[in-house]
Amino acid sequence: MLQSFLKFLELGLYHILNFDGYDHILFVIIVSVPFIFKDWKRLLILISVFTLGHTLSLILGVYDIVNLNVNVTEWLIPITIFFMAVYNILTAGKSKQRRPYLMYGIVLFFGLVHGLGFANAFESLVHSKENTILSILEFSIGIEIGQFIIVLCTLILSFVFQSIFRFSNRDWVLVISSIILGFILPLIFMSPMFS
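Here our numbering is used: the first residue of the sequence shown is 46, the next is one more, and so on.
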């Protein structure tokens with residue numbers, strides 16, 4: 046039991062921290078970049094809402110309740126990052142207090158999209174349908190830990206650039222969001238949807 050838990054926890058960590066699938070890392074960074082350390086509770090709730098969506102869609106996908114074409118999901122994942130980058134650019138320097146529930150809804154939906162993108166691959170990792178939900182929960186704990194690591198790194202970098210190098214929060218958000226936008230645009234157009 047412990048061995049299975051550690052296996053899926055490690056797989057979840059690897060899934061989020063693996064640079065081959067850097068889209069997940071970019072998504073967590075793009076969600077985190079507008080926040081500072083004093084906002085850590087709101088940010089961790091937001092990231093946990095993403096994990097909730099990811100977990101729900103993994104369950105729905107693995108049990109064939111929701112089945113989306115892999116090419117569509119692989120295209121939607123960079124679209125979610127694109128949307129968040131544009132949102133950050135348009136709202137940089139403005140209060141994050143406005144409409145927090147809207148942001149939770151958006152991030153939940155994006156978690157659903159990202160989870161569906163991994164459902165087929167996850168299904169091949171699970172040998173028995175009877176332990177699937179437990180395996181998904183163990184995997185999700187690994188994802189959550191990995192996301193917290195990325196959030197912490199993002200907050201530390203934000204602190205360094207805003208405190209030591211005197212970037213304003215607005216400028217920091219604009220620069221990082223623009224860089225991520227530059228990374229993600231080619232992924233959108235290199236998607237199998239355009240092949």
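Virtual Cβ for every residue (Gly too), placed ideally from N, Cα, C.
When rounded, the separation of the alpha-carbon atoms in residue 105 and residue 112 is 8 Å. Annotation: the continuous alpha helix (DSSP H) that includes residue 162 extends over 145-170. Here residue 213 is not near residue 100, since their CB atoms are 7 Å or more apart. Cβ-Cβ distances below 8 Å link residue 57 to 183, 184, 185, 186, 187, 188, 189, 190, 191 in the same chain, with the five nearest sequence neighbours on each side left out; the list follows chain order.
In terms of Cβ geometry, residue 231 and residue 116 do not form a close pair [threshold 7 Å]. Within the same chain, 130 come within 6 Å of residue 226 by CB-CB distance, once the 5 residues on both sides are set aside. Per DSSP, residue 46 is not a residue of any alpha helix (DSSP H), being assigned neither H nor E. For residue 102 and residue 161, the gap between their C-alpha atoms comes out near 5 Å. The DSSP assignment places 67-77 as complete runs of the alpha helix (DSSP H) inside the stretch 59-97, in order along the chain (cut-off: 4 residues). At a Cβ-Cβ threshold of 7 Å, residue 159 and residue 122 count as neighbours.
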